[in-house]
Every structure is written in C-alpha cells, then in structure tokens.
Amino acid sequence: MPTPPTNPDELLKAFNEHRGELAERMGIVLTEVSAQRVSATMPVAGNRQPYGLLHGGASVVLAETVGSVASMLSAQPGRIAVGIEINATHHRAATDGTVTAVATRIHAGSTLATYDIRITDEAGRPVCTCRLTCMLRDRPPGSGSVPG
Numbered sequence: 001m002p003t004p005p006t007n008p009d010e011l012l013k014a015f016n017e018h019r020g021e022l023a024e025r026m027g028i029v030l031t032e033v034s035a036q037r038v039s040a041t042m043p044v045a046g047n048r049q050p051y052g053l054l055h056g057g058a059s060v061v062l063a064e065t066v067g068s069v070a071s072m073l074s075a076q077p078g079r080i081a082v083g084i085e086i087n088a089t090h091h092r093a094a095t096d097g098t099v100t101a102v103a104t105r106i107h108a109g110s111t112l113a114t115y116d117i118r119i120t121d122e123a124g125r126p127v128c129t130c131r132l133t134c135m136l137r138d139r140p141p142g143s144g145s146v147p148g
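Once you know that position 145 of the sequence shown is 145 in the UniProt record's numbering, the rest is easy, because the numbers rise by one and skip nothing.
What follows is the structure, encoded as structure tokens:
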C-alpha cells in the first residue's frame with residue numbers, strides 16, 4: 001500500500017476513493033480535511049441497531065475515522081497515528097438521514113494528538129460527543145496505507 005498523502009486535498013481525494021472496508025461499508029465520506037479540523041458524513045440507514053436507532057458503535061467508528069485522519073495530518077512525514085484512547089457520550093437518537101462528524105484539534109505534539117469530535121444530525125442537534133487520542137510514532141518499515 002502507498003504511503004498516505006500529507007497534503008489535505010490529496011488525502012481527501014485518496015480517502016474517498018479508497019476508504020477501506022469498514023468506512024466503505026458504513027458509507028463514511030470525508031467532506032473537509034485539515035490538521036486542525038476534519039469532517040465527514042455517514043448515513044443512518046445501514047448503521048442502525050435492532051431498535052431502529054443509529055448504533056452507538058457506528059458513531060464511534062465515524063468519530064475514530066475523522067480523528068484518525070486528522071491525526072495523520074498532524075504526524076510528521078514518515079510517521080503514523082495510532083489510536084490509543086476513545087470515549088463517547090451519546091446524547092440523542094438518530095433514526096434516519098445523515099449524521100455529520102467534525103473533529104477539532106485539542107492538542108498536537110510530537111508524540112500525541114487529541115481531537116474533540118462532535119456528531120450531529122441533519123438539524124444540527126448533538127447526537128454524540130467523543131474524544132480521541134492518537135499516538136504519533138515512526139512508521140514501521142514496509143508499511144503504510146490510507147487511514148480510515
């Protein structure tokens with residue numbers, strides 16, 4: 001696999017063309033990319049639990065996706081971001097439409113990057129709030145893939 005691009009526009013294009021199995025299966029599409037802020041959308045349909053509500057785990061996958069992409073942009077060239085902690089508070093149910101996640105940088109140092117992620121419904125109401133911390137480390141030799 002090629003090394004992920006470090007240019008935000010190239011990363012946005014590369015991710016949406018090669019999202020990876022989980023992001024593709026869940027319908028996650030990046031809409032904005034920078035080291036300070038990354039946003040994406042995800043349909044509720046196909047990501048519901050048996051009661052017809054957006055699955056909480058789907059919200060966490062969406063949050064980790066946007067936070068990981070942002071963390072990759074915070075990492076220096078030749079380094080990768082590896083998630084080490086995520087938490088989530090679920091505020092309200094979503095039953096249809098699309099949810100939007102926005103990851104905003106809280107901290108980016110030489111070894112850690114932390115992002116606040118807000119997931120909202122189409123009316124702009126909070127669905128879930130997450131915080132993701134990624135460790136920034138050297139890329140193992142012979143590795144590399146598009147994050148997500």
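Beta carbons are placed, not taken as given, at the ideal position from N, Cα and C, and that holds for glycine. These figures come from a predicted structure and were not determined experimentally.
So the candidates are the options; which of them puts its Cα closest to the Cα of residue i?
{"i": "residue 68", "options": "113, 14, 17, 125", "result": "113"}
{"i": "residue 98", "options": "14, 10, 12, 31", "result": "31"}
{"i": "residue 78", "options": "140, 12, 53", "result": "140"}
{"i": "residue 130", "options": "39, 40, 60", "result": "60"}
{"i": "residue 86", "options": "13, 135, 123", "result": "135"}
{"i": "residue 96", "options": "123, 17, 138, 13", "result": "123"}
{"i": "residue 9", "options": "58, 73, 47, 54", "result": "73"}
Roughly how many angstroms separate the alpha carbons of residue i and residue j, rounded to a whole number?
{"i": "residue 90", "j": "residue 125", "result": "12 angstroms"}
{"i": "residue 133", "j": "residue 75", "result": "13 angstroms"}
{"i": "residue 49", "j": "residue 62", "result": "15 angstroms"}
{"i": "residue 1", "j": "residue 28", "result": "Low local confidence applies: a pLDDT of 38 at residue 1 is under 50, so the model's placement there is unreliable, and no value is given."}
{"i": "residue 157", "j": "residue 81", "result": "Residue 157 is absent from the structure shown; the chain starts at 1 and stops at 148."}
{"i": "residue 105", "j": "residue 42", "result": "21 angstroms"}
{"i": "residue 56", "j": "residue 25", "result": "16 angstroms"}
{"i": "residue 15", "j": "residue 33", "result": "10 angstroms"}
{"i": "residue 118", "j": "residue 94", "result": "14 angstroms"}
{"i": "residue 37", "j": "residue 109", "result": "16 angstroms"}
{"i": "residue 71", "j": "residue 52", "result": "32 angstroms"}
{"i": "residue 20", "j": "residue 101", "result": "18 angstroms"}
{"i": "residue 35", "j": "residue 54", "result": "28 angstroms"}
{"i": "residue 148", "j": "residue 103", "result": "Since pLDDT at residue 148 reaches only 46, below the 50 mark, its modelled position is unreliable, and no value is offered."}
{"i": "residue 115", "j": "residue 12", "result": "18 angstroms"}
Tell me which same chain residues have a C-beta within less than 8 angstroms of the C-beta of residue i, skipping the five on either side of it?
{"i": "residue 92", "result": "121, 125, 126, 127"}
{"i": "residue 111", "result": "135, 136, 137"}
{"i": "residue 66", "result": "30, 38, 39, 40, 101, 102, 103, 115, 117"}
Just list the residues that DSSP pairs residue i with in beta bridges.
{"i": "residue 39", "result": "32, 102"}
{"i": "residue 152", "result": "Given that the chain is displayed from residue 1 to residue 148, the structure contains no residue 152 and the question cannot be resolved."}
{"i": "residue 115", "result": "105, 132"}
{"i": "residue 48", "result": "54"}
{"i": "residue 89", "result": "129"}
{"i": "residue 120", "result": "100, 126"}
Could you name the residues of the same chain whose beta carbon sits closer than 7 angstroms to that of residue i, not counting the 5 residues immediately before and after it, in chain order?
{"i": "residue 83", "result": "64, 68, 132, 134"}
Going by other Cβ atoms of all chains shown within 10 Å of its Cβ, with 16 needed for buried, is residue i buried or exposed?
{"i": "residue 22", "result": "exposed"}
{"i": "residue 7", "result": "exposed"}
{"i": "residue 39", "result": "buried"}
{"i": "residue 146", "result": "In this prediction, residue 146 has a pLDDT of 46, which is less than 50 and means its spatial position is unreliable; nothing more can be read from the coordinates."}
{"i": "residue 45", "result": "exposed"}
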